[in-house]
Every structure is written in C-alpha cells, then in structure tokens.
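In the numbering used here, the protein residues as written are 346 to 602.
A short worksheet on the structure shown next.
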Amino acid sequence: MTAAANDLQAVGIADRNTLAGVVRAYAAYDHPDFPAHKPKLLVGARLVFADNLYMYGPEKRPLIEDMPLTDYGHKPAIRSDVTRLWKAAHDSGRVRAVAVRAADFYGPAVATSVIAAYGVARYLDGKPALSPYYPDYPHDFDYVPDVARALVTLGDAPDDAYGQAWHVPHAPTQTLRAVLTQAAKLIGVPPLITVVPRMVLVLGGLFNTQLRETVEMGFQWDHPYLVDASKFGARFWSDATPFEEGLRATIASYRKS
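Here is the structure:
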C-alpha cells in the first residue's frame, strides 16, 4: 500500500487507541468553540482502524457488522462512542475511515492473549494453562498476522469499502479447551487447564482494574461466541490461518523469548 497509489500525500497506520484520539480531535474541530484560525483536520486522509468487538455488547447471535451499538458497561460503551466518532468523521467527507474488527486474538508474543500468554507460555514453563473463563463454549479467535493482512487489504481497497466495518476471517470455530489441547500436544505436555472461578475474579476486581474489566467482558465467554466474517470473505479473502499453523508459530516465538 502506497500513498501515491491511493492519491494521497501520506499513509499512516493507527491502532484503535491512536485513532480514538484522532477522531476525538476531529470532533473537537467541529465544536463551535474550536479556534476558527486552526487549519482543516484530516482532509483527504484514509484511516484503517484496528478494532475489537466490544461495541456489540452482550449478544447471543453470531456477530455481524451491522448490529446495533451497545450502551452496556464501560469498555463496550466506549467502543460504541469511538465507532460513532469515526463514522461521523467519514460521513462528513473529510476523512475516509474503515474499521477492521477482530475477535479475541492470539499469535507470537501477544501478551494479552488467553491462548498465547495464558496457554502456550505457561505450557512451555511446565505449568497448566490458565483460563479466566469457562473454556468449553465454541469461541472464535483471530490470528494476529491475519488481522494485519486484513488491515493491509482494507488499506488497498477502493473507497466503496470505507465508511463501514469488516470482520477479520478466522479459522473454523473451536472451544478454548480444544485449542489449548492442540497447543499442549504440539509442545508435548499434558493439556492441563486451571479455570479461575468467577467469584475470585469478582472479588479481585474490587482491588484490580484489569480483573474488574475481565468480569465486565465475561459476556463474551458465558455462551458460544461466534463471529460472522462472511462479508469480508465474499469481498476479499477467507483463507484464514489454520490453528495448527498459528499455534506452531506462536510456540516458536515463545521458545525464542
């Protein structure tokens, strides 16, 4: 992807937190109190936004891109607000924005991944995997290089792909237990999993922000959590990395670290 190929002066890549700051700045520009002498903001820019699925909130159905935005909780409501901001920036015509939404992800050196950090890394240390949730519901996961590939794909996409969200394709649905069992087999250790009781998380959340947020996001794990990426697959590609390939790369990265 090049700036010249897209008739732009420059191309930049922003993670979801950086983009949140950009679109908030855009919102400030449109505010009547914003100094009139400031230059126009974001004119002609293309923003490809790496996002998650929090804005859907608690949903029992497979997730699709045009589901209503939630006002549930703290983190999900923030994701909804950010979605409204980048949509408004796009709809104004001053920026071309698109969101690439990924499910829970895993991959080499992903420190916040249940599969990688709480599974692979612990198995390599001779410890049981640690799951903060019930591990036996079907659950979709994205491999980080697939997320990167999707970002590049949308960066190169024509303008009609913008102004909307796209789900990243994922390997066939598995339970967390099945994925961790496969990882343990590749490493050559017993597939032991310690499940943290919910009450421990609730009590810990009284003193720890991360644990409190884990409890809030428990709706992603208390039932089958399925992500429909057929829209992206029909337009672009659907050959997501198989779990065995992704796990082998993840294991290799942790063995080197």
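A virtual CB, placed ideally from N, CA and C, is assigned to each residue, including glycine.
Local conformation of residue i per DSSP, three classes
i: Thr-539; result: strand
i: Pro-309; result: Residue 309 lies beyond the residue range present for the chain, which begins at 346 and ends at 602; the question has no answer from this structure.
i: Ala-506; result: helix
i: Leu-571; result: coil
i: Ser-598; result: helix
i: Asp-449; result: strand
i: Thr-498; result: helix
i: Thr-520; result: strand
With 16 other Cβ atoms within 10 Å as the buried cut-off, status of residue i
i: Trp-511; result: buried
i: Phe-588; result: buried
i: Asp-411; result: exposed
i: Ala-528; result: buried
i: Ala-381; result: At Ala-381 the pLDDT is 45, less than 50, meaning the model places this residue with poor confidence; the figure from the coordinates comes in the next sentence. Its Cβ having fewer than 16 others within 10 Å, Ala-381 is exposed.
i: Pro-542; result: exposed
i: Pro-377; result: With a pLDDT of 48 at Pro-377, under the threshold of 50, the modelled position of that residue is not reliable, and no figure is offered here.
i: Ser-602; result: exposed
i: Ser-437; result: exposed
i: Arg-424; result: buried
i: Arg-600; result: exposed
i: Phe-552; result: exposed
Whole-angstrom C-beta distance between residue j and residue i, which should lie under 8 Å
i: His-515; j: Val-572; result: 6 Å
Selection from the options that minimises the alpha carbon distance to residue i
i: Glu-404; options: Gly-591, Arg-543, Ala-574 and Gln-565; result: Gln-565
i: Val-540; options: Arg-580, Glu-590 and Ser-476; result: Ser-476
i: Phe-581; options: Leu-521, Glu-561 and Pro-503; result: Pro-503
i: Gln-316; options: Val-534, Asp-485 and Pro-535; result: Residue 316 lies beyond the stretch modelled for the chain, which goes from 346 to 602, so this question has no answer here.
i: Thr-595; options: Tyr-451, Tyr-479 and Phe-577; result: Tyr-451
i: Ser-583; options: Val-492, Leu-548 and Tyr-399; result: Val-492
i: Lys-530; options: Ala-390, Ala-474 and Thr-559; result: Ala-474
i: Val-524; options: Ser-458, Ala-434, Asp-396 and Val-443; result: Ser-458
i: Ile-460; options: Ala-422, Asp-487 and Pro-413; result: Asp-487
Host beta strand (DSSP E) of residue i (start-end)
i: Leu-398; result: First-last for Leu-398: undefined, no H or E at that position.
Unbroken alpha helix (DSSP H) run spanning residue i, endpoints
i: Ser-425; result: 420-436
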